[in-house]
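Asks: For the sequence shown, the working numbering assigns the number 118 to the initial residue and increments by one for each residue that follows. Think of the CB as a built atom: it goes at the ideal place given N, C-alpha and C, for glycine as much as any other residue. All figures in this text were calculated on a predicted structure; none of them were measured in a lab.
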Amino acid sequence: MRRFLCVLLLAFFCLNVQAAFKYRYKGNTLLYRPASDTEVAVAQQDSLILSKLSGKVEIPSFVKDEDGERFKVVRIDAKAFGDLKNLKNVPWTNSDLSATVAPSSKDGTASFKMELFSYCKKVKGFEIPNTVKYIGDEAFVGCEMLYEIELPQSVEHIGESLFEGCGNLRIVKLSDSLKNIGKRTFAECYHLDSLTIPKSVETIGGGAFEKCFNLEKIEIPASVSKIEKSAFYNSELEVDSANLFYASVDGALYNKAKDTLFYCPGEKLSFSIPETVVHVEEKAFATCKYLASIIIPNSVKSIGKEAFSYCESLHSLFIPNSLTAIEYKSFMCCRSLRNVIISNSVKTIGESAFSSCSSLERVILPDSLESIGKSAFSSCKSLTSITIPNSVKSIGAHAFSSCEKLYTVNGDAYDRSRSSSVSQVEKGGMKEPTFPNPNSSIGKYAFWRSPNLTSVSIPESIVMIDDCAFKGCVNLTKVKMSNSVVMIGRSAFAECVNLSDVELSDSVVFIGREAFSGCASLSKIVLPNALSRIGEDAFIDCSNLSSVTIPKSVKIIEGFVFENCKSLKTVTVEPEIPPLLEFDIFSGTPLSVIYVPAASVEKYKTAEGWSEYADKIKEKEK
118 MRRFLCVLLL AFFCLNVQAA FKYRYKGNTL LYRPASDTEV AVAQQDSLIL SKLSGKVEIP
178 SFVKDEDGER FKVVRIDAKA FGDLKNLKNV PWTNSDLSAT VAPSSKDGTA SFKMELFSYC
238 KKVKGFEIPN TVKYIGDEAF VGCEMLYEIE LPQSVEHIGE SLFEGCGNLR IVKLSDSLKN
298 IGKRTFAECY HLDSLTIPKS VETIGGGAFE KCFNLEKIEI PASVSKIEKS AFYNSELEVD
358 SANLFYASVD GALYNKAKDT LFYCPGEKLS FSIPETVVHV EEKAFATCKY LASIIIPNSV
418 KSIGKEAFSY CESLHSLFIP NSLTAIEYKS FMCCRSLRNV IISNSVKTIG ESAFSSCSSL
478 ERVILPDSLE SIGKSAFSSC KSLTSITIPN SVKSIGAHAF SSCEKLYTVN GDAYDRSRSS
538 SVSQVEKGGM KEPTFPNPNS SIGKYAFWRS PNLTSVSIPE SIVMIDDCAF KGCVNLTKVK
598 MSNSVVMIGR SAFAECVNLS DVELSDSVVF IGREAFSGCA SLSKIVLPNA LSRIGEDAFI
658 DCSNLSSVTI PKSVKIIEGF VFENCKSLKT VTVEPEIPPL LEFDIFSGTP LSVIYVPAAS
718 VEKYKTAEGW SEYADKIKEK EK
């Protein structure tokens, strides 16, 4: 193995000799690679070179190779002085550098021990020659001691995340030839307190100034034609009046017509959206941690995804009647939000719209509402009750999951696809759910782990209890189903350890896999005469189940159905033709007798699967 690694190491350096060369300049070793016959780029540095760089690094305008050929430096490559911790799956290692090879990946490559690489922590500055036109992505990422930098006037392009993580960077002078500020260029430059955007800049990328806490004000020149979402963090913006695309009012960013709000400064304590605004853009208020109040006028017709997410100080909310939808994560993690009033125009509440609003106590849902999305109110730990209007047609999975104080849920929720539920109350406090109007199904995870749920009465027209609908309801003792129910899904009542009284629908044709698994208190159950198939592990670990009658209608019994039913001694099987068995259905069960129809005793004793129990098969007593 060691010989193999040495061969790989040698091969790597042989390749590198052709592609790059080292150059000593004023005590610093730099790595270059040819870009053309006469031009080179400062290449990505190896670990040894990085460890030796300190103070101010001067990048020369021209360098010579070992043959004396002269090259002009025109580029700084991606990650040239950046974070090499992200370098993975390299096909070689160097034992002399105390590196170790991590377990190989599927493609046969190996990884360095990560401590071999580090940021350029000692470099405090760079002198870049005016021959450089291009600086690649992440070239200086993580140079945490970098304090000041000036880009020469020749630089026209800088890559994404160029200075990301340069936490001590305070002074930056950008080139007057610069066309773009890329995504996350200055992200996490915590101490950057001033910056002039050149009048040549046309685009500003998303997250360009993320977590620039000290950058209080940014002036946007007339040249800027495109600003991506979430470009700014706390800063007040001032847009040049000559800009044809954008405008600013009180530090907030709008389009030129001021009918779209793009960004609100993170330091705002209160904000009133102008009545000219029709649309609030995605994540517009996402950095406003101190925003305590917001006024949304009737002019606003749409609010983008995550628009108010993480507004941790927002305490109340009124949704005007001009809105028809509350989008994905619109108010997620508004942890101080107590009261929400939604006007009678909203038809949809999107996925995770109010998720983790931990102080939310009261929500008034309008009669116009048609759908509640997945996890819409999940982890609303203070929510005590909610009324679902009759207009609601679907409720997404986990819509009310982890609502620990939710004791009352009323309403109708019709789910056409059966992929959602009547009421999603994972880990809720509900004692007895109500279903005042007809529904089609109780969806997946509908009441999963509702610790205070004690009894359930399934009304007429419910045709299906979907997977895990009541799984883990540890205090559920009684279930009564109407005759409309035809299917019981996988693990529907699994781990309901105190469930002792079950009245199945006479119409049930299929009991799913693990449907009643772990129901340790279940001592008897009457299987319906319409039942055709019993799923695998359906009654596994029902330790108190003492007797079972399998009705005439059953044709298939999947594997391990009654495994570890420690009290099960008597089984009555009514079909004259032995049902098809899949694997051993009585494993770990102290079965003493299987009663079958008198005319079928010999059929059962010789049938596949049943023959294993030939000594226990007896004629059914009349």
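1) Quick check on D583: buried or exposed, where buried means 16 or more other Cβ atoms within 10 Å of its Cβ?
2) Near E631, which residues of its chain fall below 8 Å by C-beta distance, leaving aside the five closest residues on each side in sequence?
3) With H, G and I counted as helix, E and B as strand and the rest as coil, what does DSSP make of I166?
4) Around the Cβ of I673, are there at least 16 other Cβ atoms within 10 angstroms (buried) or fewer (exposed)?
5) Excluding sequence positions up to five away, which residues of its chain have a Cβ less than 8 Å from the Cβ of V417?
6) Once DSSP output is grouped into helix, strand and coil, what is the label at K290?
7) Please list the terminal residues of the continuous beta strand (DSSP E) segment that includes K735.
8) Taking the C-alpha atoms as reference points, what is the distance between E429 and I481?
9) Report the residue from S572, S601, M598 and P576 whose alpha carbon sits nearest the alpha carbon of N592.
10) Restricting to Cα atoms, I'd like to know which of E719, N600 and I628 is closest to E675.
11) Since E444 is in the beta strand (DSSP E), which residue starts that stretch and which ends it?
12) Would you identify the three-state DSSP class for V356, choosing helix, strand or coil?
13) Measure from the alpha carbon of C659 to the alpha carbon of each residue in T302, S704, S453 and I193, then state which is nearest.
14) Ignoring anything shorter than 4 residues, give me the alpha helix (DSSP H) runs that lie fully in the segment 391-459, in order along the chain.
15) Does the distance from the C-beta atom of G421 to that of C405 stay below 8 Å?
16) Could you give the distance in angstroms between the alpha-carbon of I275 and the alpha-carbon of C585?
17) Could you give the DSSP three-state label for S212: helix, strand or coil?
18) Tell me the rounded alpha-carbon separation between P506 and F564.
19) For the candidate residues L616, P696 and I694, whose alpha-carbon lies nearest to that of L662?
20) In terms of residue numbering, what span does the beta strand (DSSP E) encompassing Y149 cover?
21) Per DSSP, A369 forms a beta bridge with which residues?
22) Can you tell me whether DSSP reads S178 as helix, strand or coil?
23) Using the rule of at least 16 other Cβ atoms within 10 Å of the residue's Cβ for burial, across every protein chain shown, is N646 buried or exposed?
24) How long is the line joining the alpha carbons of A256 and T155, rounded to whole angstroms?
25) With 16 as the cutoff for other CB atoms within 10 Å, does V625 come out buried or exposed?
26) Count the other CB atoms within 10 Å of the CB of N461; is the residue buried (16 or more) or exposed (fewer)?
27) Does F700 pass the burial test, meaning 16 or more other C-beta atoms within 10 Å, or should it be called exposed?
Replies: Inspection of the coordinates gives the following:
1) buried
2) R607, S608, A611, G652, E653, D654, A655 and I657
3) helix
4) exposed
5) I390, V394, V395, H396, V397, P437, S439 and L440
6) strand
7) I734 to E736
8) 21 Å
9) S572
10) I628
11) Segment: none, E444 is in no beta strand (DSSP E) and carries neither H nor E.
12) strand
13) S704
14) none
15) no
16) 52 Å
17) Residue placement at S212 is flagged as unreliable, the pLDDT there being 28, under the threshold of 50; the coordinate-derived value follows with that caveat. In the structure shown, S212 sits in a helix (DSSP, three-state: H, G or I).
18) 19 Å
19) L616
20) N145 to P151
21) V366
22) coil
23) exposed
24) 22 Å
25) buried
26) exposed
27) exposed
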